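See structure below.
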Amino acid sequence: MLNFIYQIPMKIIFSKETIHDLSKEVRRYGKKVFMVYGGHSSFEIGLYEIITRQFKDTGIVYQELGHVTEPSLSLLYQGIKKARVLQADLILGVGGGGRIDMAKVIAVGVRWTAIVRLIVWIPENMVVLVVL
1 MLNFIYQIPM
11 KIIFSKETIH
21 DLSKEVRRYG
31 KKVFMVYGGH
41 SSFEIGLYEI
51 ITRQFKDTGI
61 VYQELGHVTE
71 PSLSLLYQGI
81 KKARVLQADL
91 ILGVGGGGRI
101 DMAKVIAVGV
111 RWTAIVRLIV
121 WIPENMVVLV
131 VL
């Protein structure tokens with residue numbers, strides 16, 4: 001495997017051991033993290049423990065929205081409220097696409113003072129494929 005860092009303007013750090021440097025990367029943006037994670041797999045593979053242990057060891061304050069298996073408006077509003085109360089410096093999405101999407105929308109919602117519920121009718125679904 002080739003280790004590399006790619007930044008244009010987003011930064012992608014790709015490495016087998018990069019998870020162990022997460023707290024260092026978080027510190028670049030602040031010390032209060034709102035974390036969104038999925039179901040049981042984060043626990044089974046030890047990812048949750050690795051992340052929360054780093055945060056505890058380095059004094060990073062975190063709040064979480066866990067078990068986000070299917071994003072919903074109620075979870076979104078709950079996440080926005082919790083992140084605002086925490087006064088989070090950043091949002092961390094842990095897991096697959098649903099958790100990452102939820103983290104992105106929460107990040108937008110935290111900065112907006114009004115969240116509008118938008119319902120759009122789509123006559124036909126479009127297929128989306130993703131390889132991670």
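The opening position of the sequence shown corresponds to residue 1 in my numbering, with each subsequent residue numbered one higher. All C-beta atoms in this analysis are idealised placements derived from N, C-alpha and C, irrespective of residue type, glycine included. Predicted model only: the values in this text are computed from it and were never measured.
- For Leu-92, the enclosing beta strand (DSSP E) has its first and last residue at 90–94.
- Per DSSP, Met-35 lies in no alpha helix (DSSP H) segment; the continuous beta strand (DSSP E) that holds it begins and ends at 32–37.
- If you look at Ile-13, you'll find it in the beta strand (DSSP E) that goes 11–14.
- Here the C-alpha atom of Glu-44 lies approximately 19 Å from the C-alpha atom of Thr-18.
- Contact between the region 39–58 and the region 102–109 is not established, with fewer than three Cβ pairs separated by less than 8 Å.
- DSSP places Gln-87 in the coil class of the three-state scheme, outside both helix and strand.
- Here Val-68 carries a coil assignment [DSSP, helix/strand/coil].
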